[in-house]
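Asks: Residue numbers (UniProt numbering): 1 to 234. Structure incoming, see below.
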């Protein structure tokens with residue numbers, strides 16, 4: 001890790017690689033499952049990136065500022081809802097979550113659930129968007145921005161004719177727009193969508209399969225929510 005001749009992206013990933021090997025070993029021994037190497041490494045690199053974004057100084061020794069994509073609040077009167085579906089494969093449950101915040105970064109509600117029968121991540125994400133819109137409509141929200149770091153689902157909702165295989169699901173989501181005064185779909189960076197991602201991951205990680213919807217944000221993410229509310233990702 002102290003070898004400066006190696007790329008930083010490799011040296012700083014070493015602790016996560018060790019952790020990944022340990023998790024994979026436990027999955028094989030106790031759950032008889034194994035995530036593909038490419039998917040496992042991709043997920044690991046996202047965690048590494050997110051950790052360094054949240055915990056490293058914004059200014060390097062050279063004095064240059066790091067370009068960090070952080071969560072941005074919506075316009076006044078609009079609710080911004082980050083969503084994420086933690087899909088692993090077609091057999092296992094998928095953990096889904098959404099978290100809604102106002103223009104001041106205050107959390108109005110958040111929710112999580114476990115869903116089944118999802119052949120791929122796009123379907124899981126579309127179901128998550130549909131669930132979030134239904135919930136927000138029931139809560140009386142009239143103007144909302146739905147954001148996800150999975151750009152394909154945002155592209156499908158903006159250009160449904162280019163995704164004929166998912167026509168029925170996309171139609172269900174778009175029909176829900178009639179319940180609102182305004183609905184927009186936007187792509188978020190992985191780091192800016194980190195809160196929703198972590199809530200969704202907790203469903204499978206901690207065995208939290210019971211659906212719930214509550215006021216405010218999760219207490220275990222309080223510090224990160226405060227940093228994002230204050231516009232500070234450090």
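Glycine residues also receive a C-beta, built at the ideal position from the N, C-alpha and C atoms.
Alpha carbon to alpha carbon, how far is residue 152 from residue 122?
Replies: Spanning the two alpha carbons is a distance of roughly 7 Å.
Asks: Have a look at residue 217 and residue 5 and give me their C-alpha separation to the nearest angstrom.
Replies: If you take the alpha carbons of residue 217 and residue 5, they lie about 42 Å apart.
Asks: Skipping 5 residues on each side, what residues in its chain have a beta carbon closer than 6 Å to that of residue 136?
Replies: Closer than 6 Å at the Cβ level, and outside the excluded window around residue 136, lie 144.
Asks: Look up residue 112 in the DSSP assignment and give the residues it is bridged to.
Replies: According to DSSP, which records beta bridges pairwise, residue 112 is partnered with 97 and 212.
Asks: Would you list the residues sitting across from residue 84 in a DSSP beta bridge?
Replies: DSSP output for residue 84 lists 97 as bridge partner(s).
Asks: When you compare only the Cα positions, how much space is there between residue 107 and residue 220?
Replies: Roughly 14 Å separates the two Cα atoms.
Asks: Using the three-state DSSP reduction, which class does residue 148 fall into: helix, strand or coil?
Replies: In the structure shown, residue 148 sits in a strand (DSSP, three-state: E or B).
Asks: Which two residues bound the contiguous beta strand (DSSP E) that contains residue 186?
Replies: Per DSSP, residue 186 belongs to the beta strand (DSSP E) from 182-187.
Asks: Taking the alpha carbon of residue 170 as the reference point, which residue from 205, 222, 125 and 149 has its own alpha carbon closest?
Replies: Nearest option by C-alpha distance: 125.
Asks: What does a CB cutoff of less than 6 Å around residue 73 pick up in its chain, not counting 5 residues either side in sequence?
Replies: Same-chain partners within the cutoff: 103 and 105.
Asks: Please go through the same chain and pick out, in chain order, the residues whose beta-carbon is closer than 6 Å to the beta-carbon of residue 130, but skip the five residues on each side of it.
Replies: Taken in chain order, the residues that qualify are 172 and 173.
Asks: Excluding the five sequence neighbours on either side, which residues of its own chain have a C-beta within less than 6 Å of the C-beta of residue 187, listed in chain order?
Replies: Once the five neighbours on either side are set aside, the close Cβ partners of residue 187 are 151 and 154.
Asks: Any contact of the stretch 80-96 with the stretch 192-207, i.e. 3+ C-beta pairs under 8 Å?
Replies: Enough Cβ pairs lie closer than 8 Å, so yes.
Asks: Residue 15 lies in the alpha helix (DSSP H); which residues open and close that run?
Replies: 14-26 is the span of the alpha helix (DSSP H), which, as asked, contains residue 15.
Asks: Determine which residues share a DSSP beta bridge with residue 107 and list them.
Replies: Answer is 101.
Asks: Could you tell me if residue 158 is buried or exposed, where buried requires 16 or more neighbouring beta carbons within 10 angstroms of its beta carbon?
Replies: Label assigned to residue 158: exposed.
Asks: Under the three-state reduction of DSSP, which class applies to residue 234: helix, strand or coil?
Replies: Legend: pLDDT at residue 234 = 42, less than 50; position of this residue unreliable, value from coordinates given subsequently. Coil, per DSSP.
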